[in-house]
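Visitor:
Number of protein chains: 4
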Amino acid sequence: MRPGSRPHGQRKHTFIEEARRAQIVSAAIDTIAEVGFANASLSRIAQRAGVSKGVISYHFSGKDELMDQVVEQVYSAIAEFVLPRIAEAPDECAALRAHVLAVADYMRGHREQLMALAGIFNGTRTSEGTSSRHRLMVAEPVYQEIEKRLRAGQERGVLRDFDVRVMAVTLQASIDGMFAYWVTHPDHDLEAHAAELAEIIERSARADPPA
Amino acid sequence: MRPGSRPHGQRKHTFIEEARRAQIVSAAIDTIAEVGFANASLSRIAQRAGVSKGVISYHFSGKDELMDQVVEQVYSAIAEFVLPRIAEAPDECAALRAHVLAVADYMRGHREQLMALAGIFNGTRTSEGTSSRHRLMVAEPVYQEIEKRLRAGQERGVLRDFDVRVMAVTLQASIDGMFAYWVTHPDHDLEAHAAELAEIIERSARADPPA
Amino acid sequence: MRPGSRPHGQRKHTFIEEARRAQIVSAAIDTIAEVGFANASLSRIAQRAGVSKGVISYHFSGKDELMDQVVEQVYSAIAEFVLPRIAEAPDECAALRAHVLAVADYMRGHREQLMALAGIFNGTRTSEGTSSRHRLMVAEPVYQEIEKRLRAGQERGVLRDFDVRVMAVTLQASIDGMFAYWVTHPDHDLEAHAAELAEIIERSARADPPA
Amino acid sequence: MRPGSRPHGQRKHTFIEEARRAQIVSAAIDTIAEVGFANASLSRIAQRAGVSKGVISYHFSGKDELMDQVVEQVYSAIAEFVLPRIAEAPDECAALRAHVLAVADYMRGHREQLMALAGIFNGTRTSEGTSSRHRLMVAEPVYQEIEKRLRAGQERGVLRDFDVRVMAVTLQASIDGMFAYWVTHPDHDLEAHAAELAEIIERSARADPPA
DNA sequence: TATGAATGAGAGTTCATTCAT
DNA sequence: TATGAATGAACTCTCATTCAT
Numbered sequence: 001m002r003p004g005s006r007p008h009g010q011r012k013h014t015f016i017e018e019a020r021r022a023q024i025v026s027a028a029i030d031t032i033a034e035v036g037f038a039n040a041s042l043s044r045i046a047q048r049a050g051v052s053k054g055v056i057s058y059h060f061s062g063k064d065e066l067m068d069q070v071v072e073q074v075y076s077a078i079a080e081f082v083l084p085r086i087a088e089a090p091d092e093c094a095a096l097r098a099h100v101l102a103v104a105d106y107m108r109g110h111r112e113q114l115m116a117l118a119g120i121f122n123g124t125r126t127s128e129g130t131s132s133r134h135r136l137m138v139a140e141p142v143y144q145e146i147e148k149r150l151r152a153g154q155e156r157g158v159l160r161d162f163d164v165r166v167m168a169v170t171l172q173a174s175i176d177g178m179f180a181y182w183v184t185h186p187d188h189d190l191e192a193h194a195a196e197l198a199e200i201i202e203r204s205a206r207a208d209p210p211a
Numbered sequence: 001m002r003p004g005s006r007p008h009g010q011r012k013h014t015f016i017e018e019a020r021r022a023q024i025v026s027a028a029i030d031t032i033a034e035v036g037f038a039n040a041s042l043s044r045i046a047q048r049a050g051v052s053k054g055v056i057s058y059h060f061s062g063k064d065e066l067m068d069q070v071v072e073q074v075y076s077a078i079a080e081f082v083l084p085r086i087a088e089a090p091d092e093c094a095a096l097r098a099h100v101l102a103v104a105d106y107m108r109g110h111r112e113q114l115m116a117l118a119g120i121f122n123g124t125r126t127s128e129g130t131s132s133r134h135r136l137m138v139a140e141p142v143y144q145e146i147e148k149r150l151r152a153g154q155e156r157g158v159l160r161d162f163d164v165r166v167m168a169v170t171l172q173a174s175i176d177g178m179f180a181y182w183v184t185h186p187d188h189d190l191e192a193h194a195a196e197l198a199e200i201i202e203r204s205a206r207a208d209p210p211a
Numbered sequence: 001m002r003p004g005s006r007p008h009g010q011r012k013h014t015f016i017e018e019a020r021r022a023q024i025v026s027a028a029i030d031t032i033a034e035v036g037f038a039n040a041s042l043s044r045i046a047q048r049a050g051v052s053k054g055v056i057s058y059h060f061s062g063k064d065e066l067m068d069q070v071v072e073q074v075y076s077a078i079a080e081f082v083l084p085r086i087a088e089a090p091d092e093c094a095a096l097r098a099h100v101l102a103v104a105d106y107m108r109g110h111r112e113q114l115m116a117l118a119g120i121f122n123g124t125r126t127s128e129g130t131s132s133r134h135r136l137m138v139a140e141p142v143y144q145e146i147e148k149r150l151r152a153g154q155e156r157g158v159l160r161d162f163d164v165r166v167m168a169v170t171l172q173a174s175i176d177g178m179f180a181y182w183v184t185h186p187d188h189d190l191e192a193h194a195a196e197l198a199e200i201i202e203r204s205a206r207a208d209p210p211a
Numbered sequence: 001m002r003p004g005s006r007p008h009g010q011r012k013h014t015f016i017e018e019a020r021r022a023q024i025v026s027a028a029i030d031t032i033a034e035v036g037f038a039n040a041s042l043s044r045i046a047q048r049a050g051v052s053k054g055v056i057s058y059h060f061s062g063k064d065e066l067m068d069q070v071v072e073q074v075y076s077a078i079a080e081f082v083l084p085r086i087a088e089a090p091d092e093c094a095a096l097r098a099h100v101l102a103v104a105d106y107m108r109g110h111r112e113q114l115m116a117l118a119g120i121f122n123g124t125r126t127s128e129g130t131s132s133r134h135r136l137m138v139a140e141p142v143y144q145e146i147e148k149r150l151r152a153g154q155e156r157g158v159l160r161d162f163d164v165r166v167m168a169v170t171l172q173a174s175i176d177g178m179f180a181y182w183v184t185h186p187d188h189d190l191e192a193h194a195a196e197l198a199e200i201i202e203r204s205a206r207a208d209p210p211a
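Protein chains in written order, with the UniProt record's numbering: chain L, 1 to 211; chain B, 1 to 211; chain R, 1 to 211; chain H, 1 to 211.
#1: On a CA-only basis, which of Arg108(H), Asn39(H), Asp208(H) is nearest Ala192(H)? Give me that one, please.
#2: Return yes when the Cβ of Val25(R) is within less than 7 Å of the Cβ of Gln73(R), no when it is not.
#3: Which chain H residues sit within Cβ distance under 8 Å of Asp161(R)?
#4: Count the other CB atoms, across all protein chains shown, that sit within 10 Å of the CB of Gly4(R); report buried if there are 16 or more and exposed otherwise.
#5: Could you tell me which chain B residues have their CB closer than 7 Å to the CB of His193(L), listed as they occur along the chain?
#6: Measuring alpha carbon to alpha carbon, tell me which residue in Glu80(B), Gly50(B), Arg21(B), Thr31(B) is nearest Ser61(B).
#7: Are any of the Cβ atoms in chain R nearer than 7 Å to that of Tyr143(H)?
#8: Assuming Ala89(B) is part of the alpha helix (DSSP H), what are its boundary residues?
#9: Assuming Ser52(L) and Ala173(B) make a contact with CB atoms under 8 Å, what is their CB distance in whole Å?
#10: Shorter than 7 Å from the beta carbon of Ala198(L) to some beta carbon of chain B?
#11: Taking Cβ-Cβ distances shorter than 8 Å, what residues in chain H pair up with Asp30(R)?
#12: Can you tell me which of Ser41(B), Leu114(B), Leu190(B) puts its alpha carbon nearest to the alpha carbon of Val169(L)?
#13: Under the DSSP definition of a beta bridge, which residues are partnered with Arg206(R)?
#14: Terminal residues of the continuous alpha helix (DSSP H) containing Phe179(R)?
#15: Beta-carbon within less than 8 Å of Ala87(R)'s beta-carbon, same chain only, minus the 5 sequence neighbours each way: which residues are those?
#16: Would you kindly work out how many angstroms separate the C-alpha atoms of Pro90(H) and Val158(H), rounded to a whole number?
#17: Using a Cβ-Cβ distance cut-off of 7 Å, determine whether Val74(R) contacts chain H.
#18: For a contact defined as C-beta to C-beta under 8 Å, what are the partners of Met107(H) on chain R?
#19: Is the region 193-210 of chain R touching the region 145-163 of chain R, taking contact as three or more C-beta pairs under 8 Å?
#20: Contact defined as beta carbons within less than 8 Å: I believe Ala40(H) pairs with Ile56(H). What is the distance between those atoms, to the nearest angstrom?
#21: Since Ser174(B) meets chain L, which of its residues come closer than 7 Å, beta carbon to beta carbon?
#22: Can you list the residues of chain B that residue 212(L) reaches, using a CB-CB cut of under 9 Å?
#23: Please list the partners that Gly61(R) has in chain H, where partner means a Cβ-to-Cβ separation under 7 Å.
#24: Helix, strand or coil: how does DSSP classify His110(L) here?
#25: Along the chain, where does the alpha helix (DSSP H) that runs through Thr31(H) open and close?
#26: May I have the straight-line CA-CA distance separating Val103(B) from Arg85(B), to the nearest angstrom?
#27: Does Arg203(H) get closer than 7 Å to chain R when you measure Cβ to Cβ?
#28: Alpha carbon to alpha carbon, how far is Tyr181(H) from Phe15(H)? Give it in angstroms, no decimals.
#29: At what residues does the alpha helix (DSSP H) containing Gly50(B) begin and finish?
#30: Measuring only between beta-carbons, confirm whether Gly177(H) sits less than 7 Å from chain R.
#31: Buried or exposed: where does Gly54(L) fall if 16 or more other Cβ atoms within 10 Å of its Cβ makes it buried?
#32: Under 7 Å between C-beta atoms, does Glu123(L) make it to chain B?
#33: Taking all protein chains shown into account, decide if Ala19(B) is buried (16 or more other Cβ within 10 angstroms of its Cβ) or exposed.
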């Protein structure tokens, strides 16, 4: 709508434009993490960003686009951190362990970011009523990589013959659960939890030893 | 502050009173399932129930109490269905399988109910910003039973020496994940998923065979 | 309206009917005194009376009539107490003193009643915007008596030649002020205040001594 | 809780901002004067101001702040008008007269303003049920000045040895009563009333002539 | 670009009143 | 007579969005 007048669409953004957007996205993350998605009004976000409310409307087509940007940015950061760790793994079993441990590592350093992510997914409902997402802490490219590894592991005989989709969903859900538990129990030993979870996953996925 | 002569407290409720409450709770469940917790206003709920907005205020002290009732009712129903199935299991390993399969069975028949439950938990934020809950589909008494079984299984040597808390959290998260995946993929074979998940859980928890 | 079906108009009331009305009026007084007129909903009044909300609507045509009854009852009680005390006064000057002291006496024993009265007058606005009343603690018959006495005193030369209306208004306002001050300063010595006020009134009203 | 980026706190207000606030305060005064405090909803006030309801919430933190502003503004205006008139008085007796006459003068020109003031004080109840105020038409600084004058007059022997507090309360109440009578009897001669009242006050307060 | 101002819809809640039983 | 249930309007307040400057 109203072409040219607003930088919302697929336009090329200027540098200063991008800086403002990043600043606002960052303020949104902090705000959601602190007061929850439901209470993260544009007013509050603008206030935290130190800009006026109108600025947000100027740079984003609406609250929805802002939230989309938050999600995108957080997912990019996760993938950038986690993917290399998976890549280093010598085999598929190790890759699963690496995934769990890497995400836990990332959690420790980005609690707020991830709380915002969770807040958005939990608070945003599609018109059909429920979040269109069934996973939180796992970015799309990471998910793809995991599925690929699971299949490769099965082909190489390292992993047993489970349903790949179910295993992937379970893995992600377990990671999300770890995060949720940690958020509600801040003194919980995240590292130990990750180690235990890695063991659980490995045992559930690895091929039976030859008789 | 405390409202007038409304039947909110621990009063004895008449039959017709209880009927209305049940009707409203039911309308709330349907509404949340359809439009999500965030959009489930009292107006909409009342509209769906076919009553005026004031009726809800008359029968419940506020939106919070209504949501509490929804949660309570759904959890009661889950526990009533799942606990006996667990109880029938011959040993701890079977109990874990039974749990997974029972919950999946319940899901199939109560999709909307559980979507509402998820909606409430996801949409309700504490003042600190995130849901105080880290699990959804597992009612408190069921959780207690599972922890007890895990410990008993370890003592009897049927289950290996994992961290009980982590295993319980993972189990619940996996079940929640199964539900979330099914909700976003309605054609997904829930029964098959449950069977796969049960296998995953059992493999991750059972004791190693003697060498 | 709806003649015969409701006992609101000038019908003859049965004994039990009157008892209920008195009970409700009494509950209204207590409620207003405690929570203020603005917060004295019919719900709360009914609750305090131990009856259902509908009973009030049955016995009174509406909230307005109930409030009218409260005022009427309180005023009757005041007049019944104060008029004899004025009547005993030997002369007009003494009558003014007697009035002030009698009302103060009554106040001490009927704080709540009078707070309710004040609450109603202050809280009820006519459609023209302001209370139609300019005095509170002085019932109509008492007012008439005072005006009569003031005039008589002037005719007999005991009181000086002031404007009777202004003096009466000032007298009433001073009494209302005494009550208001006492209500906001419960430890205030009401008896001493009344004595001082009587002196003030007498000095302002009595005839100058002959030169 | 605290709202977004609204200009409520101790911010520097722009000129246009102040203009709007003044406009809304003015509309509030008119509305309260016309329909009474109890019926002066934000809707009505906004309607009279010719703005939307939200504007009030934008410029004031809530209804309470708006009412506070009304009171503050009216009291400031009263004090600004009355205090100089008292200051001009040659002695304490004249100061009392000046006070009464000045307030009456002010009333004549600001009927609506003062009706709004009365409406707010009468309509606003503390949790204990009654207005925390026992006087209306007398602003705090004026009250202080009066008490000071009364004491000074006693020390100089111009005024007799009454209880200062009681005299001050009575004076204020008499003024409030004059206003209330005038409001309910618009044709009443306010100037004559004030003159009579001044005489009443002076006679009640001045020292006895030496024998 | 950025802002403060304004809007209007919608939220939850309270309440006087009505009515079938 | 008395009740509990229901109504619908009105309340204050919040918020995403729009727009003139």
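We treat Cβ as the ideally placed atom computed from N, Cα and C, and that holds for glycine.
Guide: To lay it out plainly:
#1: Measuring from the Cα of Ala192(H), the nearest candidate turns out to be Arg108(H).
#2: The Cβ-Cβ distance between Gln73(R) and Val25(R) falls below 7 Å.
#3: Correct list: empty, because the minimum Cβ distance to chain H is about 10 Å.
#4: Note that Gly4(R) scores 40 on pLDDT, short of 50, meaning its location in the model is unreliable and no value can be drawn from it.
#5: The answer, in chain order, is Val166.
#6: For Ser61(B), the nearest C-alpha among the options comes from Arg21(B).
#7: With 7 Å as the cut-off, Tyr143(H) does not count as an interface residue toward chain R.
#8: Neither: Ala89(B) is in no alpha helix (DSSP H) and is coded neither H nor E.
#9: A Cβ-Cβ separation of about 41 Å leaves Ser52(L) out of contact with Ala173(B) under the 8 Å criterion.
#10: It does not: the Cβ of Ala198(L) has no partner Cβ on chain B nearer than 7 Å.
#11: One finds nothing in chain H with a Cβ atom closer than 8 Å to the Cβ of Asp30(R); even the nearest lies about 11 Å away.
#12: Of the listed residues, the one whose Cα sits closest to Val169(L) is Leu190(B).
#13: Partner(s): Leu159(R).
#14: Element bounds for Phe179(R): 164-184.
#15: Residues of the same chain with their beta carbon placed closer than 8 Å to that of Ala87(R) are lacking, with the five preceding and five following residues left out of the count.
#16: One C-alpha to the other measures close to 12 Å.
#17: It does not: the Cβ of Val74(R) has no partner Cβ on chain H nearer than 7 Å.
#18: Under the 8 Å cutoff, chain R gives no residues; its nearest Cβ is about 13 Å from Met107(H).
#19: These segments touch.
#20: About 12 Å separates the beta carbon of Ala40(H) from that of Ile56(H), a gap too long to meet the 8 Å contact definition.
#21: In chain order, Thr170, Ala173, Ser174 make up the part of chain L whose C-beta sits under 7 Å from the C-beta of Ser174(B).
#22: Missing from the structure shown is residue 212(L); chain L here goes from 1 to 211 and no further.
#23: Per the sequence shown, the amino acid found at residue 61(R) is Ser instead of Gly. Residues of chain H whose Cβ lies closer than 7 Å to the Cβ of Ser61(R) do not exist, since the nearest Cβ in that chain is about 20 Å away.
#24: In this structure, DSSP gives His110(L) a state outside helix and strand, which the three-state scheme calls coil.
#25: Run containing Thr31(H): 15-35, per the alpha helix (DSSP H) assignment.
#26: Their Cα atoms are separated by approximately 9 Å.
#27: So, interface residue.
#28: Straight through space, the alpha carbons of Tyr181(H) and Phe15(H) are spaced by roughly 39 Å.
#29: Unbroken run through Gly50(B): none, as it is neither H nor E.
#30: It does: the Cβ of Gly177(H) has a partner Cβ on chain R nearer than 7 Å.
#31: Around the C-beta of Gly54(L), fewer than 16 other C-beta atoms lie within 10 Å, and the residue is accordingly described as exposed.
#32: Sequence inspection shows Gly at residue 123(L); the Glu mentioned does not correspond to that position. With 7 Å as the cut-off, Gly123(L) counts as an interface residue toward chain B.
#33: Burial call: exposed.
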